[in-house]
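Under numbering that gives the first Met the number 0, read the sequence shown as residues 0 to 270, first letter to last. Have a look at the structure below before the remarks.
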Amino acid sequence: MIGVFDSGIGGLTVLQWIRQRLPQADLLYLADQAFAPYGAKSTELLQQRCDRIADWLIAQGCIVLVVACNTATAHCVDALRQRLPFDIIGVEPGIKPAALGTRSGAIGILATENTLASSRYQQLASRFNPNTCVVNQPCPGLADAIELGPDTEQIDAILTRCTAVMTDAGVDRVVLGCTHYPLVKDRLQRLLGTQVQLIDTGEAIAGEVARRAGSAEWGQGSTRLLTTGSLPRLQQLIGAYPVLSSHFQANQCEAAPDLSDLAQTTGSSSA
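Put into structure tokens, the structure is as follows:
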């Protein structure tokens with residue numbers, strides 16, 4: 000079984016690609032909505048939470064884990080790999096294809112504050128052409144707004160502000176550095192214009208999962224979607240975003256067992 004987790008519905012944009020690449024695999028997805036958002040939490044809290052979730056997914060029989068969250072990958076994936084003898088795949092902003100494909104010499108990165116501030120991201124960004132101008136744009140509150148549903152003015156306000164920076168800088172590639180952001184890809188494209196290419200790494204991550212899977216027998220193609228938060232809310236959100244409802248059914252959703260201890264004792268802070 001392949002286990003995938005994120006702070007909310009964003010990781011489903013990765014899960015849909017994994018399902019397409021591995022139609023026979025059994026997939027278990029955990030939306031950690033009780034502890035969301037991840038985007039502005041401390042590394043210590045994120046590591047505690049990721050450890051808790053990874054251990055639980057392994058206990059369910061998962062032998063490959065996908066950390067379908069850029070923030071959690073940036074701060075926690077190395078420690079998870081050191082601790083656990085399993086394949087653990089993270090997600091990272093697609094800086095390489097953006098840098099290699101730019102014609103204007105300027106690319107933009109839309110991501111959470113935590114992702115952009117992480118040493119892992121800084122190391123990734125430093126590998127590419129120093130002549131490429133990289134515009135790092137944090138998007139505080141965007142993942143939260145997406146979790147509230149598509150019909151919110153807050154999403155448009157944040158996107159308008161963040162894309163204005165990209166337009167002013169003359170970027171021609173914009174990297175979606177959070178797995179939530181593909182859910183508003185059409186809005187981003189309208190604001191940026193068709194001359195700007197949006198880069199989402201979900202398909203590439205699915206390819207890496209398939210490569211790790213090899214010829215293994217993965218099951219019967221079942222999909223289970225669990226949330227640590229409100230089950231009706233998860234079902235509602237899947238139905239509200241066409242890109243999710245076209246791949247997943249609300250009746251696949253379940254309430255997760257009690258994984259809320261950290262959320263109760265540490266509290267949360269808004270992205």
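Even glycine gets a Cβ: it sits at the ideal position worked out from N, Cα and C.
- Between residue 29 and residue 68, the alpha-carbon positions lie close to 12 angstroms from each other.
- Close CB contacts of residue 145 within its chain, under the 6 angstroms cut and outside five residues either way in sequence, are with 179 and 182 (chain order).
- In the three-state reduction of the DSSP assignment, residue 77 falls in the helix class, which pools H, G and I.
- Our two residues, residue 252 and residue 59, have alpha carbons roughly 16 angstroms apart in a direct line.
- If the five residues before and after residue 135 are omitted, its C-beta is found closer than 6 angstroms to the C-beta atoms of 108 and 115, all from its own chain and listed in chain order.
- Distance from the Cα of residue 63 is smallest, within the candidate group 70, 161 and 79, for 79.
- When DSSP states are grouped into helix, strand and coil, residue 155 belongs to the helix group.
- Residue ranges of uninterrupted beta strand (DSSP E) with 3 or more members, entirely inside the region 184–244 and ordered along the chain, are 196–198 and 222–226.
- With 16 or more other CB atoms across the displayed protein chains lying within 10 angstroms of its CB, residue 70 is buried.
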